[in-house]
Amino acid sequence: MDFRNVYKAMRIRWSHDEDFTSSAGYDADDGERRVINLNGPQPTKYCNNRITTAKYSFISFLPAFLFEQFRRYSNCFFLLIAILQQIPEVSPTGRYTTLVPLMFILSVSAIKEIIEDIKRHRADNEINHRLIERLDSGSWNTVRWSELTVGDIIKVGINTFFPADLILLSSSEPQGMCFIETANLDGETNLKIRQALPATAELLETKDLQRLQGRIECELPNRHLYEFNGVLRETGKPPAALGNDQVLQRGAILRNTAWVFGIVVYSGQETKLMMNSTSAPLKRSTVDKLTNTQILMLFMILISLCIVSGLCNLFWTREHSETDWYLGLTDFKTKSLGYNLLTFFILYNNLIPISLQVTLELVRFLQAIFINYDIEMYHEESNTPAMARTSNLNEELGMVKYIFSDKTGTLTQNVMEFKKCSIAGYVYTAERTPEESQLVQNILGRHETSAVIEEFLELLSVCHTVIPERRENGEMIYHAASPDERALVEGAQKFGYIFDTRTPKYVEINALGVRKRYEVLNVLEFTSTRKRMSLIVRTPENKIKLFCKGADTVIYERLAPQGQAFREQTLRHLEEFASDGLRTLCLAVSDIRPDVYQEWSQTFDKASVALQNRESKLEDAANLIENNLRLLGATAIEDRLQDGVPETIAALLDAGIYIWVLTGDKQETAINIGYSCRLISHSMDIIILNEESLDATREVIHRHYDEFKSSSAKDVNVALVIDGTTLKYALSCDLRNDFQDLCLLCRVVICCRVSPMQKAEVVEMVTQSTNAVTLAIGDGANDVAMIQKANVGIGISGVEGLQAACASDYSIAQFRYLQRLLLVHGAWNYARISKLILYSFYKNVCLYVIELWFAVYSGWSGQILFERWTIGLYNVVFTAMPPFAMGLFEKFCTAETMLRYPMLYKTSQNAKLFNVKVFWIWIFNALLHSVFLFWLPLAAYTKEVIWSDGKTSDYLLMGNLVYTYVIVTVCLKAGLITNSWTWLTHLAIWGSIVLWFSFVLIYSHVWPTFKFASNFRGMDIQLLSTPVFYFCLLLVPITTLLIDVICKLIHNTVFKTLTEAVRETEIRRSDISEVMNEPRSS
């Protein structure tokens, strides 16, 4: 390959999008860059360094809060009702019976928001008021963080957080080096090295900083944590490229360095930390979506009832206007259909529960706290509890059908250990000491492959970005960006090649007692796209070499024809390593002529100072030099499974959950891990799709799909394994559906060598096509896309940092905790939320449909049966506690039983407890109850004389009789459907009944002390002094619930489900295993 020809081609291509000038190297428009003057006024006013993470300010709270609340259709509906009630003589329930409960519910939500936001404001103030030293007119002044702005030069001391995004100018360490910890940004606790440009590294005195003149040009603020493109233009000096190695980001902390000088480039809300502080995409649970659909259906029924009632009123009025003249039926309002429709619309509006939304919010919030404080999901070693980052999806955890899992760091520990290596066709393993290993003996004995072995170990100990730290006891500690890098350096150490010194210009190693220094010329960093890392060095022999390590597919395609002497042996060893479940890398080297390097270096330098498309130009430049490689061998690293992974996967499979593994690892490694974690059983057939073209992929997918279709089995016991290249073709438009159908027939799917975007595509494909609940779990930044695409995203707080955890809906420390999160919390929360919603609709229909039956009785007049304030307080006071008790404490089986018998998860997974059929059964049940609750008391009250002295009362006494029976009945119904009784459950159910009677006793004596409720005066005496009340208090609730009791008895005897059988066995304290194999309806 002729480098110069390729170089000319690159020059031609770059000429179309050149972003350099001959003198400065940059010609982008001012609107596409930020210009910062050094020690001078700034060309524009930049934002200050004050940050705020709060949602509201004192001024914005009310409008922002109201906007947020009234985005919900239910609140808009009740606001409309409250407005309609203000129209004179239209509302039968008074002017404030909807407005006051709505205000109460909004107030509860507002108090919750205010409390949470006050906490945010306090945290913001603590950060904004921290102190830092700033250079002002030749002296250092202590100022608050919030007072900093772009262009300020500041001094940061050891163990201090950086207050803004800075460009490192110089430090207390030689050559402007410093060490930082970025745990707050990405969760990585290993130290990272930053180095000032040589042009500024000598600025160690205040007077030197004052003399600094020129400007910095950089990209506009963005949220890319690992990217920065800028140029330093000092007056009278050539431009110098600024990259991520010179950036000190807000949120990071200075370590092992006494002090640094830096200049602020991004401040406040424009820092990368703050621009990454965005919430995850809004996700709604399946139960929420179904509930909203049913609310719309109820709303349509409400409208229908209003129309029917309005028309019946017109017909009744026409029929009785002449005969019943004393009712005054001739006025306009009585005969107006419009007025009647509004009256009935207000009368029936409470069919939709006003308190449902706030009840759900509070219950979900408390459920999330239960998850956070579950000691069984606390990882003591890393001091990491489970964390619910959203509470909207609690019940979704109980409906998961597909799990998409990363492998490294999720199923495995991501703690790497060097195990083997293949060099020049020979396999070597590490021994207790270097001298005992065959590899070192071959070097010392000048084996024919000794030169290759030495070059291999030099590459292993030099080609990396690891930072060494020597402890006081002489022990060498390595700080690496990834566990793989650390393992490789430690692997070289096991063979006597010890890396111990790094400076910005060179690295030093101790090679079997001989010190060698390698001058670092260029670092071509690893990216998920490149899948390789290269280092160009000048060796002690003054030769220029390129050391390259990466995936075998990437390295093999860059080998020179004469550099493939060990190609087949190494390939065979790679397959053996992968079969053992080891992670592999290939190592190669190339010798570069000085003139070729000199010419390439100019290209690379030019790309490195580009502000536009810098990454792609650097990659193009790297491709020019990373070729003609000579293969040296390969490494094998062990990444052990996390504790409990096989047991967890077995339990999840038993629960009916399909598990897909999406990994960037080699196919053989992934298959081997599949076996070891029990995802793949030895009885399974394995289909491997490794195709190189679209046509071949189409043919093999169609062939396997046709074979499966002819099979009579519903679930084929097959594992499908596909690599990234084939997946690219399989996800194309014309093959996507066929590939999807094939995958959904398989029990297990493993995708290997996939990119982050391919992971997201696979998750999105299954989520959209199956309408099943999907869950994605991962631990690294490359898993964020799939975590956000899935219905539920789980992040693991692991070795690779917190990017995945921060982007997730729930975070856990270990994969094994997923079992408890789904099978216990998920199933419980699904059952709790389902019962809460169904019961909330039930109790509303029970009471408010009685107004319809009373309308039939009262000539469709729109007259209310109940006292207006009892209508408004029904949801928010008298029946508010039972739904809370269900939502927080209801459970059908203990946690131990749920974990021991994963099959119990299928009840929630298949939405047995909440679906359209179940919803409307509950509504019909409520309608039936309302019939009994109205017509039975009415029958008892027919003669109107219900006292021994012959006195009578009015309709309101009848209303309070009915209201009392409704309260008692719905509370007893709550007890009937409750499986788990706690003292709080008892308090909620019996306390609600006591609360109503207490209210009657107090409210009956409010007037005339307070000027309202005059029609309720003495109601307690009337109600409690008639024997009819006590007779019906026993008869009506028992009669109403008798059908429910009979149905429950028949169901639990004849159609008993597995869950109910297990619960009964638990209560009897019998052996549960006896009922597990019995045939059940579900």
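For the sequence shown, position 617 (counting from the first letter as 1) is numbered 637 according to our numbering, and the numbering increases by one without interruption.
Each residue gets a CB set at the ideal place from its N, CA and C atoms; glycine is no exception.
For Ala102, count the other beta carbons within 10 Å of its own beta carbon; 16 or more makes it buried, fewer makes it exposed. Which is it?
The residue you call residue 102 lines up with position 82 of the sequence shown. By the neighbour-count rule (16 or more Cβ atoms within 10 Å), Ala102 is buried.
So if DSSP puts Ile707 in a beta bridge, which residue, or which two residues, is it bridged to?
Sequence index remark: in the sequence shown, residue 707 carries index 687 (1-based). According to DSSP, Ile707 shares a beta bridge with Leu740.
Assuming Arg243 and Lys292 are in contact, meaning their beta carbons sit under 8 Å apart, how far apart are those beta carbons, in whole angstroms?
As a position in the sequence shown, residue 243 is number 223, starting the count at 1. As a position in the sequence shown, residue 292 is number 272, starting the count at 1. Contact flag correct, Cβ pair sits at about 6 Å.
Between the alpha carbons of Leu765 and Val736, how many angstroms are there, rounded?
In the sequence shown, the residue the question calls residue 765 occupies position 745. In the sequence shown, the residue the question calls residue 736 occupies position 716. One Cα belongs to Leu765, the other to Val736, and the distance between them is close to 6 Å.
Do you know offhand how far Pro121's Cα is from Gly892's?
To locate residue 121, count along the sequence shown from 1; it is residue 101. To locate residue 892, count along the sequence shown from 1; it is residue 872. Pairing Pro121 with Gly892, the inter-Cα distance amounts to about 6 Å.
Our contact map puts Leu229 next to Leu155 with C-beta atoms below 8 Å; I'd like the distance itself, whole angstroms only.
Walking along the sequence shown from the start, residue 229 turns up at place 209. Walking along the sequence shown from the start, residue 155 turns up at place 135. 6 Å between Cβ atoms; contact.
Apart from the five residues just before and just after Val812, which ones in its own chain have a Cβ nearer than 8 Å to its Cβ?
Indexing the sequence shown from 1 puts residue 812 at position 792. Closer than 8 Å at the Cβ level, and outside the excluded window around Val812, lie Lys303, Leu413, Glu416, Leu417, Val420, Val793, Thr794, Leu795, Ala796, Asp829 and Tyr830.
DSSP three-state call for Asp829: helix, strand or coil?
As a first step, residue 829 must be located in the sequence shown, where it is residue number 809. DSSP places Asp829 in coil when its eight states are reduced to three.
Beta carbon of Cys771 nearer than 8 Å to that of Leu747
Residue numbering aside, residue 771 sits at position 751 when the sequence shown is read from its first letter. Residue numbering aside, residue 747 sits at position 727 when the sequence shown is read from its first letter. For Cys771 and Leu747, yes; Cβs fall inside 8 Å.
In the DSSP assignment, what are the bridge partners of Thr604?
Reading the sequence shown from its first residue, position 584 is the one you call residue 604. According to DSSP, which records beta bridges pairwise, Thr604 is partnered with Ala656.
Could you give the C-beta distance for Ile443 and Leu652, rounded to a whole number, given that I count them as a contact under 8 Å?
As a first step, residue 443 is located in the sequence shown; it is residue number 423 there, counting from the start. As a first step, residue 652 is located in the sequence shown; it is residue number 632 there, counting from the start. Right, the Cβ-Cβ distance comes to about 6 Å (below 8 Å), so this counts as a contact.
Using 8 Å as the threshold, is the stretch 897-915 in touch with the stretch 855-867, meaning 3 or more CB pairs across them?
yes
Of all the beta strand (DSSP E) runs that stay within the bounds of the stretch 457-509, which reach a length of 3 or more residues?
487-490 and 496-499
Is Cys766 helix, strand or coil when you go by DSSP?
Your numbering for residue 766 matches position 746 in the sequence shown. Cys766 falls in the strand class under three-state DSSP.
Could you say if the stretch 928-938 and the stretch 959-971 meet the contact criterion of at least three C-beta pairs nearer than 8 Å?
no
Just the C-alpha distance for Gln584 and Glu475, rounded to the nearest angstrom, thanks.
Locating residue 584 in the sequence shown gives position 564, where the first residue counts as 1. Locating residue 475 in the sequence shown gives position 455, where the first residue counts as 1. Rounded to the nearest angstrom, the two C-alpha atoms are 15 Å apart.
My understanding is that Thr689 touches Arg603, with C-beta atoms under 8 Å, so please give their C-beta distance in whole angstroms.
Position 669 of the sequence shown, counted from the first residue, corresponds to residue 689. Position 583 of the sequence shown, counted from the first residue, corresponds to residue 603. The pair is a contact, with the Cβ atoms about 6 Å apart (cut-off 8 Å).
Alpha carbon to alpha carbon, how far is Thr623 from Ser43? Give it in angstroms, no decimals.
Numbered from its first residue, the sequence shown carries residue 43 at position 23. Numbered from its first residue, the sequence shown carries residue 623 at position 603. Low confidence applies to Ser43: its pLDDT is 31, below 50, so where it sits in the model is not reliable, and the reading given next is rough at best. Roughly 16 Å between the two C-alpha positions.
Can you look up Arg773 in the DSSP assignment and give me helix, strand or coil?
Position 753 of the sequence shown, counted from the first residue, corresponds to residue 773. Of the three classes helix, strand and coil, the one that applies to Arg773 here is coil, per DSSP.
Work out the CA separation of Asn999 and Pro1057 for me, nearest whole Å.
Here residue 1057 refers to the residue found at position 1037 when the sequence shown is read from its first residue. Here residue 999 refers to the residue found at position 979 when the sequence shown is read from its first residue. Rounded to whole angstroms, Pro1057 to Asn999 spans 20 Å at the Cα level.
Pull up the CB-CB distance for Thr113 and Ile1087, whole angstroms please, since I reckon it's below 8 Å.
Taking the first residue of the sequence shown as 1, we reach residue 113 at position 93. Taking the first residue of the sequence shown as 1, we reach residue 1087 at position 1067. Incorrect: roughly 44 Å between the Cβ atoms, too far for contact.
Hey, Leu119 and Val110: beta-carbon distance below 8 Å or not?
The residue labelled residue 119 in the question sits at position 99 within the sequence shown. The residue labelled residue 110 in the question sits at position 90 within the sequence shown. No, these two residues do not count as a Cβ contact at 8 Å.
Which residues does DSSP list as the beta-bridge partners of Asn530?
Mapped onto the sequence shown, residue 530 falls at position 510. Paired residues: Ile518 and Arg535.
Other residues of its chain near Val982: CB distance less than 7 Å, five sequence neighbours each side excluded:
Position 962 of the sequence shown, counted from the first residue, corresponds to residue 982. For Val982, where only same-chain residues beyond five positions count, the Cβ hits under 7 Å are Ile870, Leu885, Leu953, Phe954 and Pro957.
Between Ala805 and Lys779, which are expected to be in contact by the criterion C-beta below 8 Å, what is the C-beta distance as a whole number of angstroms?
If you number the sequence shown from 1, residue 805 lands on position 785. If you number the sequence shown from 1, residue 779 lands on position 759. That belief holds up - the Cβ atoms of Ala805 and Lys779 are roughly 6 Å apart, short of 8 Å.
Under the three-state reduction of DSSP, which class applies to Ser42: helix, strand or coil?
In the sequence shown, the residue the question calls residue 42 occupies position 22. Reliability of the predicted coordinates at Ser42 is poor, the pLDDT of 31 falling under 50, and the value obtained from them is presented with this limitation in mind. Here Ser42 carries a coil assignment [DSSP, helix/strand/coil].
When Ser94, Arg115, Thr1060 and Glu916 are compared against Ile987, the one with the closest alpha-carbon:
By 1-based counting over the sequence shown, the position of residue 987 is 967. Cα-wise, what sits closest to Ile987 is Thr1060.
Below 8 Å on the Cβ atoms is my guess for Leu1122 versus Ile200; work out the distance and round it to an integer in Å.
The structure shown does not extend to residue 1122, since the chain is modelled only from 21 through 1102, so no value can be given for it.
Taking the beta carbon of Cys1067 as the centre, do at least 16 other beta carbons fall within 10 Å, making it buried, or is it exposed?
Residue numbering aside, residue 1067 sits at position 1047 when the sequence shown is read from its first letter. Counting Cβ neighbours within 10 Å, Cys1067 comes out exposed, since fewer than 16 surround it.
Which residue marks the beginning of the beta strand (DSSP E) containing Phe1049, and which one marks its end?
Indexing the sequence shown from 1 puts residue 1049 at position 1029. Per DSSP, Phe1049 belongs to no beta strand (DSSP E); it is in the alpha helix (DSSP H), Pro1047 to Val1074.
Look at the alpha carbon of Thr1005 and the alpha carbon of Leu992, and state the distance between them as a whole number of angstroms.
The residue given as residue 1005 occupies position 985 in the sequence shown. The residue given as residue 992 occupies position 972 in the sequence shown. Using only the alpha carbons, I get a separation of about 12 Å.
Within a Cβ cutoff of 7 Å, which residues of the same chain sit near Phe98, ignoring the five residues on either side of it in sequence?
Taking the first residue of the sequence shown as position 1, residue 98 is located at position 78. The residues are Thr118, Leu122 and Ile374.
Alpha-carbon to alpha-carbon, Leu459 and Tyr678
As a first step, residue 678 must be located in the sequence shown, where it is residue number 658. As a first step, residue 459 must be located in the sequence shown, where it is residue number 439. For Tyr678 and Leu459, the distance between alpha carbons rounds to 45 Å.
Under the assumption that Val307 contacts Phe934 (Cβ atoms under 8 Å), give the Cβ distance between them as a whole number of angstroms.
Within the sequence shown, the letter at position 287 stands for residue 307. Within the sequence shown, the letter at position 914 stands for residue 934. 6 Å between Cβ atoms; contact.
Please state whether DSSP places Arg142 in a helix, a strand or coil.
Here residue 142 refers to the residue found at position 122 when the sequence shown is read from its first residue. In the three-state scheme derived from DSSP, where H, G and I count as helix and E and B as strand, Arg142 is classed as helix.
For Lys440, does the count of other Cβ atoms within 10 angstroms reach 16, so buried, or fall short, so exposed?
For the purposes of this step, residue 440 is identified with residue 420 of the sequence shown, where counting begins at 1. Residue environment: Lys440 is assigned as buried (16 or more neighbouring CB atoms within 10 Å of its CB, all protein chains considered).
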